[in-house]
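Here is the structure we will look at, set down as structure tokens.
Numbering (full-length UniProt numbering), first residue to last: 1 to 219.
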């Protein structure tokens, strides 16, 4: 089954602006650009995100902002591969590279093997870096699929939306690896109702998490 999240970006329910401004679907129909922020993880997360992003209209979603962990070299390399393919599909080649996409590095909340005590300080630093990133990037849409890096980004965007500083829509796509239960990131975003749209790739998960929507396997 082909992944349907790209069409979900045009869902009027998702696009409704709490402040009464234009909906994203209105912006899209008017031919204006939509700023997209994709949180890139490592391993399988990166592959799944790549599959999704390559289905999007590269002329419409500009600029594209990628957020990666500062120690994730493979994630940065994958962003370059994604952008190379998107650029090939793009009709408008008059824009400069930094007008089309950017890469923002933020620290991880906790590295593998790091002590829990020291992770308190690195988590605080990651949150502060996320505040700066979300404020600077000002995305219309944030899309993520499970890496821990997405939690502070989504929380900050949700907070800004809550106090009417921004109007950012958050889409979470659970990893295909999660068949019977959600990932930790998924549980946090689902329980706190952070994500505007919560998508899962296995139908059984909808029975346990009724606010989730089944969209089939990424391919």
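Cβ atoms here follow ideal geometry from the backbone N, Cα and C, with glycine treated the same way.
Exposed unless 16 or more other CB atoms sit within 10 angstroms - verdict on residue 92: Reading the chain shown from its first residue, position 92 is the one you call residue 92. It is exposed - the Cβ of residue 92 has fewer than 16 other Cβ atoms within 10 Å.
Unbroken beta strand (DSSP E) run spanning residue 101, endpoints: As a working note, residue 101 is residue 101 in the chain shown. Per DSSP, residue 101 belongs to the beta strand (DSSP E) from 101 to 106.
Member of 217, 195 and 100 whose CA lies at the smallest distance from the CA of residue 59: In the chain shown, counting from the first residue as 1, residue 59 sits at position 59. Nearest option by C-alpha distance: 100.
Helix, strand or coil at residue 45 [DSSP, three-state]: Along the chain shown, read from residue 1 onward, the residue named residue 45 stands at position 45. Note: residue 45 maps to helix in three-state DSSP.
Classification of residue 108 by the beta-carbon crowding that lies within 10 angstroms, buried from 16 upward: If you number the chain shown from 1, residue 108 lands on position 108. Residue 108 should be labelled buried.
Of the listed residues 174, 135, 136 and 132, nearest to residue 145 (C-alpha basis): Counting from one through the chain shown, the residue named residue 145 turns up at place 145. Ranking 174, 135, 136 and 132 by Cα distance to residue 145 puts 174 first.
Which listed residue (123, 212, 56 and 179) has its alpha carbon closest to that of residue 153: In the chain shown, counting from the first residue as 1, residue 153 sits at position 153. For residue 153, the nearest C-alpha among the options comes from 123.
DSSP-derived helix/strand/coil call for residue 81: Residue numbering aside, residue 81 sits at position 81 when the chain shown is read from its first letter. Reduced to three states, the DSSP call for residue 81 is helix.
Nearest neighbour of residue 181, chosen from 159, 205, 164 and 148 [CA to CA]: One-based indexing of the chain shown puts residue 181 at position 181. Checking every option, the nearest Cα to that of residue 181 belongs to 205.
Beta carbon of residue 65 nearer than 7 Å to that of residue 139: Along the chain shown, read from residue 1 onward, the residue named residue 65 stands at position 65. Along the chain shown, read from residue 1 onward, the residue named residue 139 stands at position 139. Cβ atoms of residue 65 and residue 139: closer than 7 Å.
Where the beta strand (DSSP E) containing residue 68 begins and where it ends: Taking the chain shown and counting its residues from 1, the one referred to as residue 68 is at position 68. Element bounds for residue 68: 64 to 69.
Residue 39 in three-state terms, based on DSSP: Mapped onto the chain shown, residue 39 falls at position 39. Reduced to three states, the DSSP call for residue 39 is strand.
Residue range of the beta strand (DSSP E) that includes residue 170: Along the chain shown, one-based indexing puts residue 170 at 170. Run containing residue 170: 169 to 173, per the beta strand (DSSP E) assignment.
Short Cβ contact (7 Å threshold) for residue 141 with residue 169: On the chain shown, position 141 is the one that residue 141 refers to. On the chain shown, position 169 is the one that residue 169 refers to. Yes, the Cβ-Cβ distance between residue 141 and residue 169 is below 7 Å.
Cutoff 7 Å: residue 50 Cβ touching any chain B Cβ: No chain B is part of this structure, which consists of one protein chain only.
Residue 144 - partner residues in DSSP beta bridges: What you label residue 144 is simply residue 144 of the chain shown in a count that begins at 1. DSSP lists 172 as partners of residue 144.
At least three beta-carbon pairs within less than 8 Å, the segment 156 to 166 to the segment 68 to 75: no
Collapsed DSSP secondary structure at residue 214 in the structure displayed: The count along the chain shown starts at 1 and reaches residue 214 at position 214. The answer is strand: DSSP assigns residue 214 an E or B state.
Residue 197 - DSSP class collapsed to helix/strand/coil: Numbered from its first residue, the chain shown carries residue 197 at position 197. Strand, per DSSP.
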